[in-house]
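Here's the structure, in structure tokens; my notes come after.
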Amino acid sequence: MDQTSSPDTRPAGPAPAADQMEERARARAWAERLYAERRRRDALFPDGLFGEPAWDLLLALYLAHDKGKAMILCRAYQAAGASDTTGRRLLDRMEEEGLITRRRAPRSRKMRIVELTDLAVARLTEYLGGGSE
């Protein structure tokens with residue numbers, strides 16, 4: 148019997164879960180840097196000079212998701228640097244696109260929570276995970 152290794156018996160590379168964890172870690176680090184830099188820039192220049200509230204909101208929601216936390220609506224608007232009206236419009240569009248969900252907070256009838264969908268998490272992880280290299 149031949150003692151050479153067949154392709155089926157060679158040691159496998161890193162497990163897919165390890166690759167996914169590494170990609171998530173890169174994505175989280177990149178999101179943290181991007182969001183922090185945007186807040187630093189906003190602090191140094193006049194209000195309203197720069198604006199991409201949808202991106203700021205996605206980054207903030209991604210970081211909250213990564214920490215296992217939900218975000219209440221008023222925090223989401225603050226994270227985006229948007230008024231309530233603009234924030235609602237952004238969230239409406241994101242919900243239509245299947246990127247976020249909104250629900251009532253468990254302990255409050257008035258508070259609403261916004262979270263990324265699995266689709267949004269996957270897309271952001273793919274984008275951010277490859278963006279820092």
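So in our numbering, the last one in the sequence shown is 280, and the numbering has no gaps at all.
Quick reminder that beta carbons are idealized off the backbone N, C-alpha and C, glycines included.
On a predicted model such as this, the values are computed, not experimentally measured, just so you know.
Requested in this report: Drop a sphere of 10 angstroms on the beta-carbon of Leu196, count the other beta-carbons inside from all chains shown, and report buried for 16 or more, exposed for fewer.
Outcome: exposed
Query - Own chain, CB closer than 7 Å to Leu204, minus 5 neighbours either side, in chain order - result: Ala223, Ala226, Ala227, Leu237
Requested in this report: For my contact list, Glu262 and Ala217 are in at a C-beta cut-off of 8 Å; report their separation, rounded to the angstrom.
Outcome: 5 Å
Query raised in the report: With burial defined as no fewer than 16 other Cβ atoms inside 10 Å of the residue's Cβ, what is the status of Pro154: buried or exposed?
Result: Only weak support is given to the placement of Pro154: the predicted model assigns it a pLDDT of 36, under 50, and the question is left unresolved by the model.
Query - Arg254 - DSSP class collapsed to helix/strand/coil - result: coil
Report task. Report the three-state DSSP secondary structure of Thr264 (helix, strand or coil). Result -> coil
Query raised in the report: Who are the Cβ neighbours of His212 in its own chain at under 8 Å, not counting the five residues just before and after it?
Result: Glu262, Leu263, Val268
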